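To convert, note that position 51 of the sequence shown is 51 in full-length UniProt numbering; the numbers rise steadily by one, no gaps. Glycine is no exception: its CB is placed at the ideal position from the N, C-alpha and C atoms. Here the structure is a predicted model, which means the values were calculated and not measured.
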Amino acid sequence: AWASNNLGVSYIERRQYAEAEICFRRAIFKDPEFATAYRNLGGLYLIRGQREEATRCLNRALRAQPGAETGREGFVYALAISAQAAEPAGERPPANLFD
C-alpha cells in the first residue's frame with residue numbers, strides 16, 4: 001500500500017492528478033484502513049476543487065487514525081474551503097498535507 005501511496009504523491013508533484021488518484025485508490029484497496037492514502041486522496045480532491053469528496057476522504061482518514069495531526073489540519077482546511085462556495089477550484093491545500 002505504501003508503494004502505491006508514494007507513487008501517488010510523486011504524481012501530484014508532477015500535477016498528474018488522474019494517475020495520482022488511481023494510486024491512492026489502489027493503496028486504499030490494498031489497505032482499507034490506510035489513513036495516509038485517504039488523507040492524500042482528500043488533498044488531491046481539494047486541489048481539483050472536489051470539496052465534498054475531499055471532506056469524505058479526510059473524515060475517513062481521521063476515523064482510521066484519530067491522532068494524526070495532518071489529518072486534522074486537512075479536515076479543518078476542507079471544511080473551511082467548503083464554506084466558501086465562491087472560491088474557485090484549484091485551491092492548494094497546506095503543504096504538509098501530503099505524506
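Beta-carbon gap between residue i and residue j smaller than 8 Å
{"i": "F24", "j": "L41", "result": "yes"}
{"i": "F34", "j": "A1", "result": "yes"}
{"i": "A20", "j": "Y38", "result": "no"}
Element boundaries [alpha helix (DSSP H), containing residue i]
{"i": "residue 125", "result": "Given that the chain is displayed from residue 1 to residue 99, the structure contains no residue 125 and the question cannot be resolved."}
{"i": "residue 102", "result": "No statement about residue 102 is possible, as the shown extent of the chain runs from 1 to 99 and does not include it."}
{"i": "G8", "result": "W2 to E13"}
{"i": "A68", "result": "No alpha helix (DSSP H) holds A68; DSSP gives it neither H nor E."}
Minimum C-alpha distance to residue i - residue among the options
{"i": "T55", "options": "A64, Y11, Q65 and G43", "result": "G43"}
{"i": "Y45", "options": "D31, Q16 and S4", "result": "Q16"}
{"i": "P66", "options": "T36, Q50, R48 and I47", "result": "T36"}
Euclidean distance between Cα positions of residue i and residue j
{"i": "E13", "j": "R60", "result": "23 Å"}
{"i": "E52", "j": "L58", "result": "10 Å"}
{"i": "L47", "j": "D31", "result": "It is worth fixing the name first, because residue 47 is Ile in this sequence and not Leu. Computed Cα separation, rounded: 24 Å."}
{"i": "N6", "j": "A27", "result": "9 Å"}
{"i": "Q50", "j": "Y11", "result": "18 Å"}
{"i": "A18", "j": "S4", "result": "14 Å"}
{"i": "D99", "j": "I22", "result": "16 Å"}
{"i": "G8", "j": "L62", "result": "20 Å"}
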